[in-house]
Structure formats: C-alpha cells, structure tokens
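Asks:
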Amino acid sequence: MSAAALLERTVEEVPPGSLERQLASGRPLRVKLGVDPTAPDIHLGHTLALRKLREFQDAGHLAVLIIGDWTARVGDPSGRSSTRPMLAADEIEANAATYRAQVDRILDPDRTEVRRNGEWFAGMGLEELFRLSSRATVNQLLRRNDFGERIGREEPISVLELLYPLMQAFDSVAVQADIELGGTDQLFNLMLGREIQEAYGQSPQTAITLPILPGTDGVKRMSKSAGNYVGVSEPPEEQFGKVMRLPDDALSEWYRLLEPDAPPPAGHLGDEKRRLARLIVDRFHDVGSGERAEEHFNRVIRDRSVPDEVPSASVRGADSIHLPEVLVSALGVSSRSEARRLIAQGGVSIDGDPVSELDLTPDRLDGAVLRVGKRRFARIEIVP
RNA sequence: GGGGGGAUGCCCGAGCGGCCAAAGGGAACGGUCUGUAAAACCGUCGGCUCUGCCUUCGAAGGUUCGAAUCCUUCUCCCCCCA
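Numbered according to numbering that gives the first Met the number 0, the first sequence terminates at residue 383, and the numbering increases by one at each position without gaps.
(1) Around the C-beta of Asn297, are 16 or more other C-beta atoms found within 10 angstroms, so that it is buried, or is it exposed?
(2) Buried or exposed for Asp170, please, with buried defined as at least 16 other CB atoms from any protein chain shown within 10 angstroms of its CB.
(3) Flag this pair as touching only if the region 251-264 and the region 26-42 have three or more C-beta atom pairs under 8 angstroms; answer yes or no.
(4) When the Cα atoms are used, what is the spatial distance from Phe376 to Asp318?
(5) Can you give the Cα-Cα distance for Ile150 and Ile156, rounded to whole angstroms?
(6) Express the C-alpha separation of Pro264 and Pro234 in angstroms, rounding to a whole number.
(7) List, from N- to C-terminal side, the alpha helix (DSSP H) runs of 4 residues or more that fit wholly inside the region 115-184.
(8) Checking the sheet assignment: what are the DSSP bridge partners for Lys272?
(9) Out of curiosity, what's the CA-to-CA distance linking Leu268 and Glu237?
(10) Return helix, strand or coil for Asp281, following the three-state DSSP convention.
(11) When you compare only the Cα positions, how much space is there between Leu189 and Ser355?
(12) Considering just the uninterrupted stretch of the alpha helix (DSSP H) at Thr97, what are its terminal residues?
(13) Taking just the CA atoms, how far does Ala292 sit from Gly200?
(14) Please classify Val102 as buried or exposed, where buried requires at least 16 other C-beta atoms within 10 Å of its C-beta.
(15) Since Ser388 and Thr208 are thought to touch, with beta carbons under 8 angstroms apart, how far apart are those beta carbons, to the nearest angstrom?
(16) To which residues of the same chain is Ala198 closer than 8 angstroms at the C-beta, ignoring the five residues directly before and after it?
(17) How long is the line joining the alpha carbons of Pro203 and Glu194, rounded to whole angstroms?
(18) I'd like the list of long-range same chain contacts for Val280, defined as Cβ closer than 7 angstroms, with 5 residues on each side in sequence excluded.
(19) Under the three-state reduction of DSSP, which class applies to Arg79: helix, strand or coil?
(20) Quick check on the DSSP output: what are the complete beta strand (DSSP E) runs of length 3 or more inside the region 337-364, in order along the chain?
(21) Considering just the uninterrupted stretch of the alpha helix (DSSP H) at Thr46, what are its terminal residues?
(22) Output the distance between the C-alpha atoms of Val325 and Ser311, rounded to the nearest integer angstrom.
(23) Tell me the rounded alpha-carbon separation between Gly366 and Ile300.
(24) State the CB to CB distance for the pair Ile349 and Arg335, rounded to an integer number of angstroms; the pair is presumed to be in contact (CB under 8 angstroms).
(25) Per DSSP, what are the beta-bridge partners of Ala377 in this structure?
(26) Going by DSSP in three states, Ile300 sits in which element: helix, strand or coil?
(27) Within its chain, find whatever has a CB closer than 7 angstroms to the CB of Gly59; leave out the 5 residues flanking it on each side and keep chain order.
(28) Pro14: which of Gly230, Leu191 and Tyr228 sits nearest, CA to CA?
(29) Using the beta-carbon count (16 or more within 10 Å), is Ser77 buried or exposed?
(30) So, at 6 angstroms on beta carbons, what are the nonlocal neighbours of Met0 in its own chain, with the 5 sequence-adjacent residues on each side left out?
(31) Does the Cβ-Cβ distance between Ala62 and Leu32 come in under 8 angstroms?
(32) Between Leu141 and the rest of its own chain, which residues show a CB-CB distance below 7 angstroms, the 5 nearest in sequence each way excluded?
(33) Can you tell me whether DSSP reads Ser1 as helix, strand or coil?
(34) DSSP three-state label for Gly287, please.
(35) Label Glu271 either buried or exposed according to how many other C-beta atoms from any shown protein chain fall within 10 Å of its C-beta, with 16 as the threshold for buried.
(36) Among residues of its own chain, excluding the 5 on either side of Asp109, which ones have a beta-carbon nearer than 8 angstroms to its beta-carbon?
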C-alpha cells in the first residue's frame with residue numbers, strides 16, 4: 000500500500016514525505032499507538048487510530064500498542080482536570096485488563112505487539128529519569144497547548160504532569176517506533192518523541208496525526224468523562240440509540256471518520272442517521288444486529304411500546320406500596336426526591352398509563368410494567 | 001521569604017449579615033412536538049412518606065437573635081516581588 004493511501008483521512012505527517020521514505024526501505028515498520036487505561040471502555044473515538052493502525056497491519060507492518068499503565072498514573076493531582084484523573088494502580092490494572100479483548104475487535108492480533116510502559120518505567124531509576132528529563136526544557140513543555148491554556152486560566156499544573164510528554168516520548172525509544180499515531184492534540188507529544196529518540200541515538204519516528212471525533216453532543220471530543228461516548232462493547236440497542244442522539248450537523252463528520260467507505264449522507268437526515276447507526280452497530284456486533292437494534296429503537300422510542308425483554312424486579316408486598324421507593328430500588332432512580340419529581344412531571348407510567356399517586360395497592364403493581372422516561376423499564380413482581 | 005487575590009451545588013459562575021437550598025449559563029433528567037434519544041418549546045435539577053424538617057457554600061473554631069456572607073486559625077490554589 001502506498002504512503003498516500005496510508006495517509007488518507009489523516010491530518011498531518013511530520014516530517015512530510017517521511018512515510019514514503021520509510022516504506023521505501025521495504026521492511027515492516029513498527030507503528031506505535033499509545034492508549035492510557037483511564038477508563039474501562041474503548042470508544043468510537045479510539046477506533047479512528049486503531050483502524051488506521053489496522054490499515055498499516057494490512058499493509059504488512061507491525062502494530063505496537065502501548066498500554067500506558069504508568070503514564071496513566073500521571074494525572075492531575077489537583078483533580079481539577081477531568082481529562083487527567085489520578086488513578087490507583089489497581090484501577091488501572093482493571094481497565095487495562097479488558098483492553099486487549101476490545102482492541103482485538105479491530106486489530107489483527109497476529110500483527111500486534113502489546114506492551115505496557117510499566118515494563119520500562121517500573122524499574123527506571125532516578126539517574127535515568129534525570130537523563131530523560133534533561134532532554135527537554137520547561138519552556139518547551141509549556142508551549143503545549145493545554146499547558147499553555149491552563150496557565151492562561153491560572154490553573155495549577157503539577158511537575159508530575161510535565162513528565163507525561165517525556166514518558167510518552169520515551170515509550171517510542173523503548174519500542175523503537177518508526178511511526179507514531181495520535182490525535183491532533185497529541186502532535187506536541189509525537190514531536191517530542193522524535194527529539195527524544197534522536198537524543199537516545201535512534202532515527203526519529205514519523206508522526207501522523209488523526210482527526211478527533213466529536214462526541215454524541217457533536218461538540219466536545221468524545222470521552223468517557225464528558226459522557227458523550229459510544230463504547231465499542233456497549234449493547235447494540237445502546238449504541239444505536241446513542242448514535243441517534245447525534246446533532247444533525249455532526250452527521251457528515253461521523254460518516255467521514257467512522258464509515259469512510261459508505262456513501263456520505265445525502266438524503267433525509269433522520270434516515271441517514273439510522274443508516275449510520277446500523278453500520279456502526281454491525282461493525283462491533285454481528286451483522287444484522289444493526290437492524291435488530293433499529294427495530295428495538297422503533298418499538299421502544301418511536302412507538303413508545305415495551306421492549307421485548309423487560310427486566311423484572313421484585314417488590315415486597317404490603318397494604319400500600321410507596322412508589323418512590325420502588326423507583327429507587329427497581330429502576331435505579333437516584334433518590335426518592337428525584338422519583339417524586341419524575342412522577343409529578345408525568346414521567347412514570349404503569350402499563351403505559353401515567354401515574355401520579357405516590358402510594359399504590361399491590362395488585363395495581365403486580366405483573367405490571369413500570370416505565371420511567373423513555374428508556375427505563377421493569378416488570379414488577381410482588382413477593383410476600 | 002514579602003505583598004495581593006481566591007476556594008460556592010456535576011461544571012462554569014453570581015452572591016458578601018436575615019427576602020439563600022443559594023441568580024444566571026452549561027450538562028443532565030422529565031414532558032410536548034417531531035424525522036430521532038436532532039432542533040424548538042415547557043418543566044425539573046441537595047435529602048427526607050415533603051405546604052414541614054434536615055444537611056450543604058475548602059476545614060476547624062468564634063461573633064451574632066440570625067453567617068455562604070463578619071472575625072481567628074489552618075489547608076490548598078493563583079498572581080506580583082525576591
């Protein structure tokens with residue numbers, strides 16, 4: 000595959016023409032991608048880089064996936080920065096454990112080398128850290144966009160966080176990366192990787208940046224912490240519904256980034272959004288599950304009827320049953336106060352009929368389907 | 001080390017002695033409408049079997065009939081100087 004083909008749907012190649020030169024060597028290239036296990040789910044945003052990595056694999060190159068179990072520890076100690084939470088080692092471990100299974104939905108396992116950067120950081124001594132950190136200046140590091148912005152907003156930045164770009168750069172040295180992929184916001188780190196590789200006597204990697212996928216709000220970048228993500232391992236109905244949440248003006252960008260081989264949206268936006276949702280669900284589940292998810296969507300959301308499978312919940316029988324309590328225990332409503340509000344706003348129904356009373360007789364509830372809003376259901380079973 | 005500013009609910013951000021469970025915005029949630037969990041509009045948005053009560057405005061004390069608002073100490077953050 001040509002350099003031009005491999006660079007399709009990427010944003011920047013640094014330095015320009017570098018990939019072409021590397022491909023000319025004819026040897027399989029080591030293509031690095033780092034992911035920090037700060038959350039258990041891999042979401043659609045991550046899949047952009049993973050799919051580009053797969054393209055490199057299909058072209059005969061080797062994917063070197065770095066699970067940043069140590070870089071993930073480098074969070075924002077003040078806890079202000081939602082994007083860099085401080086995580087405990089066991090939490091990171093738990094997150095990392097599922098990553099391989101999730102990325103294997105996209106990558107070719109036979110051409111994937113998975114490394115954890117704890118491999119080289121766990122045993123790194125202070126002397127080596129001195130050597131590494133003497134290779135960059137604070138001035139350089141503060142040029143990084145988010146550092147600069149945080150300084151502008153007079154927010155704190157811990158010295159620990161300054162190490163992050165250096166550690167990411169050192170990963171490239173440790174795995175002898177030929178190429179590193181990353182979102183456009185990673186350009187600074189990828190470039191630093193080149194400098195550090197040279198400092199350690201290696202030929203610098205080619206940095207290739209990819210666009211950032213906006214989340215289901217169509218505005219902010221997709222992330223777990225922003226709550227605007229679609230996880231690759233979420234159930235089909237969940238994925239389908241979340242895609243339908245997308246604002247119309249983000250639709251073509253999603254098509255371009257997530258389904259580049261599909262015809263771009265041209266017709267009725269509602270239908271085009273459904274088409275995209277089906278494609279995405281089929282991609283991460285069995286073929287045909289997109290259509291089934293759509294049927295579920297039509298039945299439950301559009302036609303407001305009950306889904307095929309309704310989870311059941313048992314409620315202890317009594318002369319009178321306090322509905323707010325049932326909503327909290329059986330439907331996961333956050334508090335009884337919240338439950339009252341939902342009832343008062345007409346958001347709670349029994350077998351399709353809105354309910355306004357707070358206390359009900361058991362026979363009214365027994366076997367009935369309780370619904371909160373559009374998506375929360377439970378079939379109530381009264382037990383003695 | 002010296003000087004100045006700040007810390008408010010999920011986030012941003014008003015408030016600076018009683019009318020404050022705390023303006024406004026965002027997010028979220030419910031409803032209406034609809035092509036859809038888009039947009040728009042309306043509403044809700046600390047807890048409690050709730051016209052009342054309880055607990056919140058960095059922490060601990062204090063003043064006061066009454067404090068998010070005043071005082072003291074402490075913790076953390078930012079800016080300027082060194």
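Glycine is no exception: its CB is placed at the ideal position from the N, C-alpha and C atoms.
Replies: On the basis of the data shown:
(1) Start at 1 with the first residue of the first sequence, and residue 297 comes out as number 298. Counting the other CB atoms within 10 Å of its CB gives Asn297 a total below 16, which places it among the exposed residues.
(2) Translated into positions along the first sequence, residue 170 becomes position 171. Asp170 should be labelled buried.
(3) no
(4) As a working mapping, residue 376 is identified with position 377 in the first sequence. As a working mapping, residue 318 is identified with position 319 in the first sequence. C-alpha separation (whole angstroms): 24 angstroms.
(5) As a first step, residue 150 must be located in the first sequence, where it is residue number 151. As a first step, residue 156 must be located in the first sequence, where it is residue number 157. Distance between the alpha carbons of Ile150 and Ile156: 8 angstroms.
(6) Taking the first residue of the first sequence as position 1, residue 234 is located at position 235. Taking the first residue of the first sequence as position 1, residue 264 is located at position 265. Pro234 and Pro264: Cα-Cα distance of roughly 25 angstroms.
(7) Correct list: 117-120, 125-132, 137-141, 144-151 and 158-174.
(8) By 1-based counting over the first sequence, the position of residue 272 is 273. Its beta-bridge partners do not exist; DSSP assigns none.
(9) Taking the first residue of the first sequence as position 1, residue 268 is located at position 269. Taking the first residue of the first sequence as position 1, residue 237 is located at position 238. Going from the Cα of Leu268 to the Cα of Glu237 covers about 20 angstroms.
(10) Taking the first residue of the first sequence as position 1, residue 281 is located at position 282. In the structure shown, Asp281 sits in a helix (DSSP, three-state: H, G or I).
(11) Translated into positions along the first sequence, residue 189 becomes position 190. Translated into positions along the first sequence, residue 355 becomes position 356. Straight-line Cα distance between these residues: approximately 58 angstroms.
(12) Counting from one through the first sequence, the residue named residue 97 turns up at place 98. Its alpha helix (DSSP H) spans residues Ala88 to Val102.
(13) Translated into the one-based positions of the first sequence, residue 200 becomes position 201. Translated into the one-based positions of the first sequence, residue 292 becomes position 293. Cα to Cα, Gly200 sits roughly 53 angstroms from Ala292.
(14) Indexing the first sequence from 1 puts residue 102 at position 103. Flag for Val102 reads buried.
(15) Outside the shown range of the chain (0 to 383) lies residue 388, about which nothing can therefore be said.
(16) Counting from one through the first sequence, the residue named residue 198 turns up at place 199. Arg134, listed in sequence order.
(17) Stepping through the first sequence from its first residue, residue 203 is reached at position 204. Stepping through the first sequence from its first residue, residue 194 is reached at position 195. Roughly 7 angstroms between the two C-alpha positions.
(18) Within the first sequence, numbered from 1, the residue matching residue 280 stands at position 281. So the qualifying residues of the chain are Pro235, Gln238, Phe239, Ser288, Gly289 and Ala292.
(19) For this step, residue 79 is matched to residue 80 along the first sequence. Caution is warranted here: a pLDDT of 49 is assigned to Arg79, below 50, making its placement in the model unreliable, and no coordinate value can be reported.
(20) 347-349
(21) In the first sequence, residue 46 corresponds to position 47, counting from 1. Segment Leu43 to Asp57, the alpha helix (DSSP H) holding Thr46.
(22) Counted from its first residue, the first sequence places residue 325 at position 326. Counted from its first residue, the first sequence places residue 311 at position 312. Distance between the alpha carbons of Val325 and Ser311: 12 angstroms.
(23) On the first sequence, residue 366 is found 367 positions in, with the first residue counted as 1. On the first sequence, residue 300 is found 301 positions in, with the first residue counted as 1. Spanning the two alpha carbons is a distance of roughly 22 angstroms.
(24) For the purposes of this step, residue 349 is taken as residue 350 along the first sequence, with counting starting at 1. For the purposes of this step, residue 335 is taken as residue 336 along the first sequence, with counting starting at 1. Not confirmed; about 18 angstroms, so no contact.
(25) Translated into the one-based positions of the first sequence, residue 377 becomes position 378. Note: Ala377 sits in a beta bridge opposite Leu369.
(26) The residue you call residue 300 lines up with position 301 of the first sequence. In this structure, Ile300 counts as helix in the three-state DSSP scheme.
(27) If you number the first sequence from 1, residue 59 lands on position 60. Here the set comprises Pro27.
(28) For the purposes of this step, residue 14 is identified with residue 15 of the first sequence, where counting begins at 1. Of the listed residues, the one whose Cα sits closest to Pro14 is Leu191.
(29) The sequence position of residue 77 within the first sequence is 78, counting from 1. Residue placement at Ser77 cannot be trusted, given a pLDDT of 47 that sits under 50; the coordinates are not used to answer.
(30) Mapped onto the first sequence, residue 0 falls at position 1. These residues qualify, in order along the chain: Ala58.
(31) As a first step, residue 62 is located in the first sequence; it is residue number 63 there, counting from the start. As a first step, residue 32 is located in the first sequence; it is residue number 33 there, counting from the start. Yes, these two residues count as a Cβ contact at 8 angstroms.
(32) The residue labelled residue 141 in the question sits at position 142 within the first sequence. Correct list, in chain order: Gly147 and Ile150.
(33) In the first sequence, counting from the first residue as 1, residue 1 sits at position 2. Reduced to three states, the DSSP call for Ser1 is coil.
(34) To locate residue 287, count along the first sequence from 1; it is residue 288. Of the three classes helix, strand and coil, the one that applies to Gly287 here is coil, per DSSP.
(35) Your numbering for residue 271 matches position 272 in the first sequence. It is buried - the Cβ of Glu271 has at least 16 other Cβ atoms within 10 Å.
(36) Here residue 109 is taken as the residue at index 110 of the first sequence, counted from 1. Closer than 8 angstroms at the Cβ level, and outside the excluded window around Asp109, lies no residue.
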